[in-house]
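Sequential numbering of the sequence shown, starting at 1350, is according to the working numbering. Note sheet for the following structure.
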Amino acid sequence: MNVSQINELARRYGTPLFVYEGRKIKEHLGILQKTFKPVKGEIFYAMKANPRLAILRSFRKAGVGIEAVSWGEVRTALGAGYKGRDILFNGNGKTESEVDSAVQQGVEWFNFDALDQLDILEWVAKKHKRKLYALLRAKPEIKSVTHPHLAVGERGSKFGFLRGEIPEILRYAKKLKYALLSGLHTHFGSQILNVAPFLQAARFSRDLFEEIRQEGFPMEMLDLGGGFGIPYAEKDTSLDFKALTEGYREVLAGFRGRVVFEPGRFLVGSAGVLLTRVVSVKRGPGGDFLVLDAGMTENIRPALYGARHRIVSIDDARLMIDYTVVGPVCENSDCFGNFKLPEMRRGDLVLILDSGAYGSSMGSIYNSRPRPAEVLVLDGKLSLIRKRDSLPSLWMGET
Ligand SMILES: Cc1ncc(COP(=O)(O)O)c(C=O)c1O
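Structure representation (structure tokens):
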């Protein structure tokens, strides 16, 4: 995008505004397809990263499945034209009614993190007189390789079972008639930029999968989760996909079964920017603050996990100044960090890069802030894919 296109977008749709580039989504999908090709890996997009219908539709057209973690996500994917059989329903707290609704729509694969969750699958399947396929989620116990809030494969995480717990689960699962233990699921963290932990988790999962198969279960799906990181900060390096491809090829050589991956962030993260306007410049002995019209309500990642996004001005021809860049939300943690930027004036536009994943999807209406509009540029065509919230829509449901 050039400067005049950015100015035009801001004028037409207002700020803050999420802008996605379909070309980059396709490019990143291509990288993963190439990486998983030698092991015939199937991709189920983790739609929690960005659930916009237009984005889901483009994945559907590209033959990508969906990983959903709530009935709301399943329903959204159906709304984007997905069939139940193309949706994998994960989550550590699925209710009976969520599972029931999903089964009625043809969803067949569900993971489970607890025995009572497996019970729910059995009851619902029995009620509908159908078989369901259950994926046991295991913890590969990989030491923290990412922010603690994102490291979900460790001993104390609420997700999955420890290796030592699995014999008892297998004894239990053997007695079930409708929810068939047919796969293994591991997802050990997000925003991971090293190859080694992915391969360590794949080895762990492959071995455990074979052990469960030897116990007589009809094991079919090995789901290795997501977690593929993108370079956000200036210092980040990209994941080495060549090494990852070779590693998976070696670890999964001779594997019999479906291999599944659930990437979210990598597919959409770098394809989005958050276009925002400077609303105040406050300089003084307490610091030089640049206040944007976007904050933690549009991007909670810095406040939630200390994430750093690159922030750039659309005009570089000015004196560079150190700023603490903040949002307008009434929280001290509404802060994007310290940046050197050209001298800014009220009304200037800046871009928060790599905002395509976990930006809009984790957004909130805190401080009664309407959620921003979102646009997608796909095949040379610009479309408004989500309207800015109107204030009355925030009051809906109130009496
Ligand atoms: C079970 C599961 N699968 C896939 C993902 C997607 O992770 P990422 O966006 O890092 O690829 C997540 C993210 O939280 C997850 O919990």
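Virtual Cβ for every residue (Gly too), placed ideally from N, Cα, C.
Proximity test, Pro1612 beta-carbon vs ligand 1 heavy atom, cut-off 7 Å | It does: the Cβ of Pro1612 is within 7 Å (strictly closer) of some heavy atom of ligand 1.
Flag His1536 as yes when its Cβ comes closer than 7 Å to any non-hydrogen atom of ligand 1, and as no otherwise.
-> His1536: yes, Cβ under 7 Å from ligand 1.
Does any heavy atom of ligand 1 sit closer than 7 Å to the C-beta of Gln1540?
-> Ligand 1 approaches Gln1540 closely enough that one of its heavy atoms is under 7 Å from the residue's Cβ.
May I have the straight-line CA-CA distance separating Phe1537 from Glu1416, to the nearest angstrom?
-> Rounded to whole angstroms, the gap between the alpha carbons of Phe1537 and Glu1416 is 15 Å.
Reference Ala1582; option with closest CA among Arg1718, Pro1651 and Ile1469 = With respect to the C-alpha of Ala1582, the residue from Arg1718, Pro1651 and Ile1469 having the closest C-alpha is Pro1651.
In terms of alpha-carbon separation, which member of Asn1460, Pro1741, Pro1612 and Asp1703 lies closest to Lys1373?
-> Minimum Cα distance to Lys1373 is reached at Asp1703.
Let me know the secondary structure DSSP gives Pro1489 once reduced to three states.
-> Looking at Pro1489 - three-state DSSP - the assignment turns out to be coil, as it is neither helix nor strand.
For the beta strand (DSSP E) containing Lys1730, list its first residue and its last residue.
-> Where Lys1730 is concerned, the enclosing beta strand (DSSP E) stretches over Lys1730 to Arg1735.
For Ser1539, name the three-state secondary structure that DSSP assigns.
-> Three-state result, Ser1539: coil.
Which residues share a DSSP beta bridge with Thr1625?
-> Looking at the DSSP assignment, Thr1625 forms a beta bridge with Val1699.
Mind checking whether the beta-carbon of Phe1615 lies closer than 7 Å to any heavy atom of ligand 1?
-> Flag set: Cβ of Phe1615 near ligand 1.
Keeping to the same chain, check which residues put their C-beta closer than 6 Å to that of Val1352; ignore five residues upstream and five downstream.
-> So the list reads Ile1663, once near-sequence residues are dropped.
What beta strand (DSSP E) runs, 3 residues minimum, are completely inside the region 1641-1721?
-> Those beta strand (DSSP E) runs which fall completely within the region 1641-1721 and span 3+ residues are 1660-1662, 1669-1675, 1684-1691 and 1698-1701.
Measuring from the CB of Phe1577, is there a heavy atom of ligand 1 at a distance below 7 Å?
-> True, at least one ligand heavy atom lies under 7 Å from that Cβ.
If you follow the alpha helix (DSSP H) that Glu1376 is part of, which residue opens it and which one closes it?
-> DSSP places Glu1376 in the uninterrupted alpha helix (DSSP H) bounded by Gly1371 to Phe1385.
How about the region 1378-1390 and the region 1595-1610: do they share at least three Cβ pairs that are nearer than 8 Å?
-> Three or more pairs of CB atoms, one per stretch, sit closer than 8 Å, so the region 1378-1390 contacts the region 1595-1610.
List the whole-angstrom C-beta distance separating Thr1646 from Arg1718, where the pair is believed to meet the contact cut-off of C-beta under 8 Å.
-> About 5 Å separates the two Cβ atoms, so the contact holds.
Secondary structure at Arg1360, three-state DSSP: helix, strand or coil?
-> In the structure shown, Arg1360 falls within a helical segment according to DSSP collapsed to helix, strand and coil.
Check whether the Cβ atoms of Pro1489 and Gln1563 lie closer than 8 Å to each other.
-> Taking the C-beta atoms as reference points, Gln1563 is found no nearer than 8 Å to Pro1489.
Simplified DSSP assignment, three categories, for Gly1532 = The three-state reading of DSSP puts Gly1532 in strand, counting E and B together.
Buried or exposed: where does His1377 fall if 16 or more other Cβ atoms within 10 Å of its Cβ makes it buried?
-> Counting other Cβ atoms within 10 Å of its Cβ, His1377 reaches 16 or more and is therefore classed as buried.
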